[in-house]
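First up is the structure itself, then whatever we jot down about it.
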Amino acid sequence: MSIKFFTLASGSSGNAVYVGSEKSGLLIDAGLTGKDICEKLAQNKVNTENLEGILVTHEHRDHIKGVGVMSRKLDLPVFATEGTWQGMKQSVGKIAEKNQKYLEVDNCLEIGDLKVEVAATSHDAQEPVAFTIHQGELSVGFATDTGQITRGLRKNITGCTALVLEANHDPTMLRRGPYPAYLKKRIASVMGHLSNQMSGEALAEFITGKTEQVTLAHLSEQNNIPSLALETVKQVLQEKGFDELPEIKVAPRYKASKASNLA
Ligand SMILES: [Zn+2]
Ligand SMILES: [Zn+2]
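In terms of my numbering, the sequence shown opens at residue 1 and continues consecutively.
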């Protein structure tokens with residue numbers, strides 16, 4: 001049994017994660033160009049023939065940019081809640097009817113030899129969700145784009161072998177930063193994103209003796225710094241009495257590769 005996963009990119013300019021067993025692979029979000037997704041999968045030696053689908057968390061552009069292209073190119077099923085389908089239908093282009101799959105919150109489904117659990121998040125999208133992927137005893141919980149920790153997240157993510165959790169902003173940097181007031185308010189709200197502090201507090205609940213590694217994700221480029229996110233999260237965990245911490249790292253941001261010019 002094994003699960004391999006890596007973040008292709010994370011942050012407000014594009015998000016995508018690969019997660020898979022020896023046999024089955026999934027993308028969680030495809031918010032990069034199709035070309036960049038294929039390149040990054042190849043760099044990480046993923047055999048795209050094993051891809052069994054794309055799980056979509058919500059319809060914001062940084063999560064769906066490459067969904068249509070990837071589905072058409074590789075004939076991949078796309079799994080999303082009804083609300084997310086409504087929200088993204090205009091932007092993803094035509095997706096074959098057989099590849100339009102509907103998810104329900106709090107449900108569980110099997111894709112290849114992976115088990116997928118779906119939890120509601122709290123975010124300003126139509127019906128946003130987060131996913132936990134299991135294979136046998138191993139599990140990876142992914143949660144970004146949520147302004148608070150929901151009941152479903154608590155249930156599905158606590159005790160996962162690996163966690164990918166949002167640490168979006170430092171509240172002081174957000175307050176002093178360049179964003180307009182309405183956007184600052186939205187980001188800091190319960191329908192927005194987790195701050196570094198909130199991420200640390202959530203991790204104090206989610207990390208158990210089974211947790212081997214943590215990845216901080218969806219860091220704001222304007223309102224956060226990777227070293228600050230790491231430091232804050234570790235400090236909160238230490239204050240909460242964690243002596244030994246699992247490995248904690250920060251997911252890479254997305255830098256779009258230059259478009260190739262056709263003469
Ligand atoms: Zn996002
Ligand atoms: Zn979002």
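Using N, Cα and C, we set each Cβ at its ideal position, and we do this for glycine too.
Limits of the unbroken alpha helix (DSSP H) element including residue i
i	result
G68	67-74
T84	82-92
I187	181-188
E201	196-206
K155	151-157
P171	171-176
D62	61-64
Heavy atom of ligand 2 within 6 Å of residue i beta-carbon
i	result
H169	no
The beta strand (DSSP E) enclosing residue i, as first and last residue numbers
i	result
V233	Segment 226-239 is the alpha helix (DSSP H) holding V233; no beta strand (DSSP E) there.
H134	129-135
L138	138-143
Q100	100-103
K249	247-250
According to DSSP, residues forming a beta bridge with residue i
i	result
A278	The requested residue 278 is not part of the displayed model; the chain covers only 1 to 263.
C108	E117
A217	E166
G53	L26
F242	None; F242 has no bridge partner.
K4	G20
V78	I54, Q100
Any non-hydrogen atom of ligand 3 within 6 Å of residue i CB
i	result
Q235	With respect to ligand 3, the structure shown offers nothing to examine, as its ligands consist of ligand 1 and ligand 2.
- Message: Is it the case that the stretch 112-121 contacts the stretch 69-76, given that we only count it when at least three CB pairs across the two stretches are under 8 Å?
- Response: no
- Pick out every residue whose C-beta is nearer than 7 Å to a heavy atom of ligand 1: which are they, in chain order? S12, N15, H60, D62, H63, T144, D145, H218
- Decide if the stretch 43-56 is in contact with the stretch 78-87; the criterion is three or more beta carbon pairs, one per stretch, under 8 Å apart. As far as the Cβ criterion goes, the stretch 43-56 touches the stretch 78-87, which means the pair count is three or higher.
- Stretch-stretch touch, CB-based, cutoff 8 Å, three pairs: the stretch 10-18 with the stretch 28-35: yes
- Item | Stretch-stretch touch, CB-based, cutoff 8 Å, three pairs: the stretch 179-196 with the stretch 214-233 | yes
- Message: For the pair the stretch 101-109 and the stretch 174-183, tell me if three or more CB-CB distances fall below 8 Å.
- Response: no
- How do the stretch 119-133 and the stretch 95-102 stand: do at least 3 beta-carbon pairs fall below 8 Å, yes or no? no
- Task: Determine, using beta-carbon pairs with one atom in the stretch 34-45 and one in the stretch 243-250, whether at least three such pairs fall under 8 Å.
- Result: Verdict: no, contact absent.
- Task: Answer yes if the stretch 134-142 comes into contact with the stretch 159-172, meaning at least three C-beta pairs across the two stretches below 8 Å, and no otherwise.
- Result: yes
- Query: Pairing CB atoms from the stretch 202-212 with CB atoms from the stretch 123-133, are three or more of them under 8 Å?
  - Reply: no
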